[in-house]
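Enquirer:
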Amino acid sequence: MSFDDKVNEFLEKIEHEKIMIETQFADIESYIKDHDNIDYDKLVSILSHFNTLNIQYEQLCHDLTIFISIFKSKEEQQIRIYKTEELVELLEAEVNKINNQ
Numbered sequence: 001m002s003f004d005d006k007v008n009e010f011l012e013k014i015e016h017e018k019i020m021i022e023t024q025f026a027d028i029e030s031y032i033k034d035h036d037n038i039d040y041d042k043l044v045s046i047l048s049h050f051n052t053l054n055i056q057y058e059q060l061c062h063d064l065t066i067f068i069s070i071f072k073s074k075e076e077q078q079i080r081i082y083k084t085e086e087l088v089e090l091l092e093a094e095v096n097k098i099n100n101q
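Under our numbering, read the sequence shown as residues 1 to 101, first letter to last.
(1) Do the CB positions of residue 60 and residue 13 come within less than 7 Å of each other?
(2) With H, G and I counted as helix, E and B as strand and the rest as coil, what does DSSP make of residue 37?
(3) Count the other CB atoms within 10 Å of the CB of residue 40; is the residue buried (16 or more) or exposed (fewer)?
(4) Quick one: is residue 57 buried, meaning 16 or more other Cβ sit within 10 Å of its Cβ, or exposed?
(5) Whose CA, out of 6, 1, 11, lies closest to the CA of residue 62?
(6) Using a Cβ-Cβ cut-off of 8 Å (strictly less than) and excluding sequence neighbours within five positions of residue 76, which residues of its own chain qualify?
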């Protein structure tokens, strides 16, 4: 296997992991939008899961950015990042709902 093949294989694995985390972000967002009354324990669990995913995602994107900057040409140096701002706002709204009860 050539060096370029190994680089591309590694990038595909990282991109797959990234997509898996983004899918879980979308699932969390969908769950929150579909359920009006999330109880405290469930919300704590969702927040914990989100925090864990977010840490993994940030590290993965950081590593991917470094790797791409080293092994890819300027034209190929693109990375798509999932915007978590809306998800964070939804989570904050749920926390505020519980705090105001």
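Positions of the beta carbon are idealized from the N, C-alpha and C atoms, including for glycine.
Bear in mind the structure is a predicted one, so any value in this text is a computation, not a measurement.
Expert: Straight from the coordinates:
(1) Start at 1 with the first residue of the sequence shown, and residue 60 comes out as number 60. Start at 1 with the first residue of the sequence shown, and residue 13 comes out as number 13. It is not a contact, given that the beta carbons lie outside the stated cut-off.
(2) Sequence index remark: in the sequence shown, residue 37 carries index 37 (1-based). Here residue 37 sits in coil by DSSP.
(3) Within the sequence shown, the letter at position 40 stands for residue 40. Exposed: under 16 other Cβ atoms inside 10 Å.
(4) By one-based count along the sequence shown, residue 57 stands at place 57. Buried: at least 16 other Cβ atoms inside 10 Å.
(5) Against the sequence shown, residue 62 aligns to sequence position 62. Nearest C-alpha to residue 62: 11.
(6) As a position in the sequence shown, residue 76 is number 76, starting the count at 1. Contacts found: 68.
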